[in-house]
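S.K.: Just passing along the structure, written as structure tokens.
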Amino acid sequence: MQADAVFEGGGVRGIAHASALLEAEAASYTWENVAGTSAGSIIAALVACGYTGHEVREIIWSFDFAQLMDKGW
Numbered sequence: 053m054q055a056d057a058v059f060e061g062g063g064v065r066g067i068a069h070a071s072a073l074l075e076a077e078a079a080s081y082t083w084e085n086v087a088g089t090s091a092g093s094i095i096a097a098l099v100a101c102g103y104t105g106h107e108v109r110e111i112i113w114s115f116d117f118a119q120l121m122d123k124g125w
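Structure follows, in structure tokens:
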């Protein structure tokens, strides 16, 4: 079944989007159009490039989130 997907921004939501992708793909959804803002745009770009939900999840979980911390804090 083909569907469109829109991914919201919000940092931590990017992690949730990966799990949502896995569940939707397990239900046989494929993506026709994708869009997103902020963290969601990263997920949408990966999906648009052909990455699966499993691959997106692996990319996200292998990322060192400490790199995003502001050094001034």
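Residue numbering for the sequence shown follows my numbering, beginning at 53 and increasing consecutively.
Virtual Cβ for every residue (Gly too), placed ideally from N, Cα, C.
(1) Return the first residue and the last residue of the beta strand (DSSP E) that A57 is part of.
(2) From which residue to which residue does the beta strand (DSSP E) around V99 run?
(3) If you draw a straight line from the alpha carbon of G62 to that of W113, how long is it in whole angstroms?
(4) Can you tell me the Cα-Cα spacing of V86 and S80, whole angstroms?
(5) If we ignore side chains and look at the alpha-carbon of each, how far apart do D56 and E84 end up?
(6) Check whether the Cβ atoms of G105 and A68 lie closer than 8 Å to each other.
M.R.: According to the structure shown:
(1) Q54 to F59
(2) That residue, V99, is in no beta strand (DSSP E); its alpha helix (DSSP H) goes A91 to A100.
(3) 16 Å
(4) 16 Å
(5) 5 Å
(6) no
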